[in-house]
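Line by line, the protein sequences are chains Z and V.
So for the first sequence, the numbering used here puts the first residue at 1; every next one is plus one.
So for the second sequence, the numbering used here puts the first residue at 353; every next one is plus one.
As structure tokens, the structure follows; a few thoughts come after it.
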Amino acid sequence: MADIIAALINQVEQAYQSQQPLEIVGGASKKFIGRQPVGEALNTAEHCGIISYEPVELVITARAGTRISELTAVLAENNQMLAFEPPCFSSSTTIGGTLACNQSGPARPWAGSIRDHVLGVRLINGRAEHLKFGGQVMKNVAGYDVSRLQAGAMGTLGVITEISLKVMPKPAAVATLVWEMPADEAIVLMSELSATAKPISAACWCQGKLYVRLSGTSSAVEATKKQWARAVKEDGDFFWQQLRDQQLAFFNRAAPLWRFSINPAAQIPRLDARSIIDWGGALRWYQGTEQQQDMEQLAGQAHGQVSLFAGGERKAEVLHSTPAPLRGIQKKLKESFDPKGILNPGRLYSWM
Amino acid sequence: MSTTKLSNTDLCQLFREFIAAEYVISDAETMRPYECDGLAMYCEMPIAVLLPETVEQLQQVLQICHRYSIPVVARGAGTGLCAGAMPDAAGVVLSLAKFDQIIAIDPQSRIAVLQPGVRNLAISEAALEHGLYYAPDPSSQIACTIGGNVAENSGGVHCLKYGLTVHNVLSVEMLTVAGELLCLGSDGLDSCGFDLLALINGSEGLLGIITQIKVKLLPIPERAQVVMAAFDSIQQAGDSVGAIIAAGMIPAGLEMMDSHAISAAEDFAQAGYPRDATALLLCEVDGTHEEVQENIERVESIFQNLGATSVKTSQSEAERALLWKGRKSAFPAIGRISPDYYCMDGTIPRGQLAYVLNKMQEMSQHYGLRVANVFHAGDGNLHPLILFDANIPGEFAKVEEFGGKILELCVEVGGCITGEHGVGAEKMRQMPVQFSALELLQFAAIKTAFDPGGTLNPGKGIPTLRWCQEYRSIELQKVANHG
Ligand SMILES: Cc1cc2nc3c(=O)[nH]c(=O)nc-3n(C[C@H](O)[C@H](O)[C@H](O)COP(=O)(O)OP(=O)(O)OC[C@H]3O[C@@H](n4cnc5c(N)ncnc54)[C@H](O)[C@@H]3O)c2cc1C
């Protein structure tokens, strides 16, 4: 547990003066995401520790380098959790990196993403100014929502130094039910189940099986189990953890890994049967050597976007292409935070 | 951009070339209803009020205004409470009232596609046949529009469990200040690049004009019940809120009212509120039948154990609706016991409630003005309503000063100046209380990235640095004068 804020600000200040690109590194567990990093390393992992935690207020504030494992353990003492189920691609995964990459696990469609749970951040912008946005309260509409804007920006708008998050109580009961069926039927069933007011907290199809997780009061979980009358997966928790952290055999990195974020009810016949279909249909993982353009076309037809999540050529574009007007706004927004372009340049797009 | 100045008449003539003449309003009498939003103490008359009917017309309006540097103030239903939709004297009001179509409801993916002028409640009404609804429910939901909701990132009594507008919007189409169409977000749950949706929610018409919105629909819970509990002290009611959260429950709604609000709401709605209570809690539990049964019992016993003087649980949908009616009509109800009221919107950490209410009581005595409180207790969002009479000269100035002090108190205890109503023209003075000069400068830089000429809703939301400096020197002057 340490506060190295002065050193971090100093390093950004130096970089600003000398126009030195910086590569912001947290736990280095997601170095593979985004385009290939360039620049001098700026390490946030040492800037760590929980600053405050008020279980009854449902809020925790921690320095950006705090490990997810530490947060999870402290919250568990009070029977609370990070409801967005942050993936841990390694034990060094930090909360700062999780926000910067907007990473959330299987519960996301029901519980919300890390972006949804952020209440406030402190960040160092590209002018080496340490600024505070949002706060520790649930509702705050003063000024633009700069905190949520950090989700997915991959550090290109600022070095996140501190984060306040909404936390949630752990459910009293959890159970995972299993259906055997092909992908196209599972997509339909996931939509149908999601339209019922049952306590669903995850739904994923993988290799011929649909897994649906129930979380809530024991009475609600038991009654739904009985009503749906499906086989119960005994090691359900383990399955969801492996899915979350990409440890299932599917994620063997033998070929480029594509991430589709699309309309949950959409069918992509060409890919679905060989994909993992998570988030009740809204998130699909596909591994294969494909043309980016083809993938973008399929994603577009499914009213969503695709990114090359891991593997493949990391010096080319890895995110879904951006129409010109939107590109213009994004560039200007980047300049408003980082006029000299020193924070993770090119990590999101070659042109920014 | 052109440097030639257009006369107001010529400008309106330009608009009439592509908008039906009756929808280019420029006479004072017809424009009068547009001079303010729900905060009627702030008003201004614009050059013209425009009611275009197509996105192309909107685009043309923006192009013309951009060319001649004319301020544009978007307007939904005008129910806002921060003078966000108040006109600019040198600009036009762009009403989205004609964009009131629900374009599609897709029950499979549980998405509604909406024009910005669709009323909030109309979404849930249309989704009902599919067993779905739109969760954020501002008390003004009969009238307010989804475009206004997005622009303000509005909340409602059910936002404790289901989130604010920002959590329920999937994508937005908007026009930039120059009339360029942008699509932000998608049908997926996240998008590549910067999360501009996060910026647009709560942007108060400062970054663009929202022309289409896709929102998430949720399945209607199998069952919902409200527990009403009365207490002799605010402290006990506050402790009960904490106890429910500590017990691991997130109610669908958790609202508090103080004695002034209780009796006003009871007079108005005859909801069966106990008039002698010092504080009243309404706690809604929803979910499956079994879950609701289980949690209702737990909530009732927490209230009883923490000293509730009475506990009542709704036994039918009609009873539940009636219990909520009192709370949801609290503002108009207060409007009946006082000629005017001024609604504040600060948010505080819940644990500070008793302290803040006591301080507020002291201030109330100091200023000689009554305050009624309704409170989104679950998420710490306070609505102190300062009662006054606008016909008494100088009274509103006193009220504003009192209101400002309340917001400063909220910031002091770790909260913020606005939880859901927005900054608008009204809370500009408190922005420097919550944010440093450098933070305000960062906001201004974001604004410039979208609207370099600053013609979208000028004078609202984000103070310019010059404004801050001028304001500070006026305040310093005041202090100096008062010695
Ligand atoms: C009795 C009462 C109860 C209320 N209760 C609540 C409550 O419970 N929760 C809550 O959050 N609020 C509440 N409000 C405040 C208000 O209803 C909300 O802020 C609402 O979202 C405003 O919607 P509107 O359509 O009336 O917007 P308007 O007041 O017309 O506009 C609000 C702001 O949005 C901008 N705007 C509107 N449409 C667009 C668009 N298409 N594109 C870009 N900008 C746009 C305007 O410029 C303005 O800045 C209440 C108000 C009243 C009068």
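Every residue, glycine too, gets a C-beta built ideally from N, C-alpha and C.
Roughly how many whole angstroms lie between the Cα atoms of residue i and residue j?
i: V:Val413; j: Z:Leu157; result: 33 Å
i: Z:Tyr144; j: V:Ser788; result: 14 Å
i: V:Leu790; j: Z:Ser321; result: 33 Å
i: Z:Cys204; j: V:Phe802; result: 39 Å
i: V:Gly835; j: V:Glu822; result: Its pLDDT being 44, under 50, V:Gly835 is placed unreliably in this model, and the coordinates cannot settle the point.
i: Z:Arg122; j: Z:Phe84; result: 21 Å
i: V:Pro810; j: V:Leu558; result: 7 Å
i: Z:Lys331; j: V:Thr528; result: 15 Å
i: Z:Ala282; j: V:Gly540; result: 6 Å
i: Z:Lys132; j: Z:Ser52; result: 16 Å
i: V:Pro439; j: V:Glu649; result: 51 Å
i: V:Gly443; j: V:Leu533; result: 22 Å
i: V:Ile700; j: Z:Met295; result: 47 Å
i: Z:Thr379; j: Z:Val74; result: Any answer about residue 379 of chain Z is impossible in this case: the structure gives chain Z only from 1 up to 352.
i: V:Gly515; j: Z:Val318; result: 31 Å
i: Z:Leu8; j: Z:Thr44; result: 8 Å
i: V:Asp542; j: Z:Glu192; result: 22 Å
i: V:Arg368; j: V:Asp362; result: 10 Å
i: Z:Met154; j: V:Gly430; result: 38 Å
i: V:Phe370; j: V:Glu405; result: 10 Å
i: Z:Ile268; j: V:Ile399; result: 52 Å
i: V:Val401; j: V:Ile377; result: 5 Å
i: Z:Glu162; j: Z:Ala223; result: 42 Å
i: V:Leu761; j: V:Phe754; result: 11 Å
i: V:Gly432; j: Z:Ala254; result: 55 Å
i: Z:Leu257; j: Z:Gly34; result: 12 Å
i: Z:Arg259; j: V:Gly483; result: 31 Å
i: V:Gln786; j: V:Val763; result: 6 Å
Taking 7 Å as the cut-off, is the beta-carbon of residue i closer than that to any non-hydrogen atom of ligand 1?
i: V:Ile561; result: yes
i: V:Glu556; result: yes
i: V:Ser523; result: no
i: V:Asn710; result: no
i: V:Leu790; result: no
i: V:Gly776; result: yes
i: V:Glu396; result: no
i: V:Thr497; result: yes
i: V:Leu433; result: yes
i: V:Ala373; result: no
i: V:Lys812; result: yes
i: V:Arg384; result: no
i: V:Arg427; result: yes
i: V:Ser683; result: Before going on, a small fix: residue 683 of chain V reads as Phe here, not Ser. Yes; taking the cut-off as 7 Å, the Cβ of V:Phe683 has a heavy atom of ligand 1 nearer than that.
i: V:Pro736; result: no
i: V:Asp389; result: yes
i: Z:Asn140; result: no
Taking only beta-carbon atoms, is residue i less than 8 Å away from chain B?
i: V:Val502; result: Any reference to chain B falls outside this structure, whose protein chains are Z and V.
So residue i packs on residue j, CB below 8 Å; how close in whole Å?
i: Z:Gly134; j: V:Ser538; result: Actually they do not touch by this definition, with Cβ atoms about 25 Å apart.
i: Z:Ala202; j: Z:Pro106; result: 4 Å
i: Z:Ile160; j: Z:Leu99; result: 6 Å
i: V:Val579; j: V:Glu652; result: 6 Å
i: V:Phe583; j: V:Ala629; result: 6 Å
i: V:Val567; j: V:Ala464; result: 5 Å
i: V:Arg679; j: V:Met609; result: 7 Å
i: V:Leu512; j: V:Asp731; result: 5 Å
With contact counted as at least three CB pairs below 8 Å, one residue from each stretch, are the region 159-171 of chain Z and the region 113-127 of chain Z in contact?
yes
At least three beta-carbon pairs within less than 8 Å, the region 472-487 of chain V to the region 546-566 of chain V
no
Is it the case that the region 767-777 of chain V contacts the region 689-709 of chain V, given that we only count it when at least three CB pairs across the two stretches are under 8 Å?
Taking one beta carbon from each stretch, the region 689-709 of chain V and the region 767-777 of chain V have 3 or more pairs nearer than 8 Å; the two touch.
Should the region 684-698 of chain V be called in touch with the region 661-669 of chain V, which here means at least 3 C-beta pairs below 8 Å?
Short answer: they don't touch.
Does the region 171-178 of chain Z come within contact of the region 735-753 of chain V, defined as at least 3 CB pairs closer than 8 Å?
no
Determine, using beta-carbon pairs with one atom in the region 212-229 of chain Z and one in the region 631-638 of chain V, whether at least three such pairs fall under 8 Å.
no
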